[in-house]
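Here is the structure we will look at.
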Amino acid sequence: TIAPGGLMFYTGAQFPEWRGSAFIPGLRSRALIRITFDGDKAEEAERYEMKNRIREIEQGPDGALWVLEDNDGGRLLKLTKRK
337 TIAPGGLMFY
347 TGAQFPEWRG
357 SAFIPGLRSR
367 ALIRITFDGD
377 KAEEAERYEM
387 KNRIREIEQG
397 PDGALWVLED
407 NDGGRLLKLT
417 KRK
């Protein structure tokens, strides 16, 4: 069970290989899940395991991903391309 915290479609330039993918933050699964699409078919492409429940994911204007944890002392994480 994922228990999704939301849904975000990636349109940014920072991760061009993710453009058109959907991201689902998982509350129960404690994971960030990337979904890819091929015509009318959708499938899980990647699952990034996290230590905490993930409440929300948003795309910043620079294409970075912002992830909000859902727990006491939860963090706001900025995900950027490794340089």
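My numbering applies: residue 337 is where the sequence shown begins, and numbers increase by one.
We put the beta carbon where it would ideally sit given N, CA and C, even for glycine.
About 6 angstroms separates the beta carbons of Arg366 and Arg389, which is inside the 8 angstroms limit, making them a contact pair. Excluding residues up to 5 positions away in sequence, Thr337, Ile338, Ala339 and Arg389 lie with their Cβ nearer than 8 angstroms to the Cβ of Arg364 in the same chain. By the C-beta criterion, the segment 368-385 is judged to be in contact with the segment 353-360, since at least 3 inter-stretch pairs fall below 8 angstroms.
Cβ contact annotation for Gly396 (same chain, cutoff 7 angstroms, sequence separation greater than five): Trp402, in chain order. In the three-state reduction of the DSSP assignment, Pro361 falls in the strand class.
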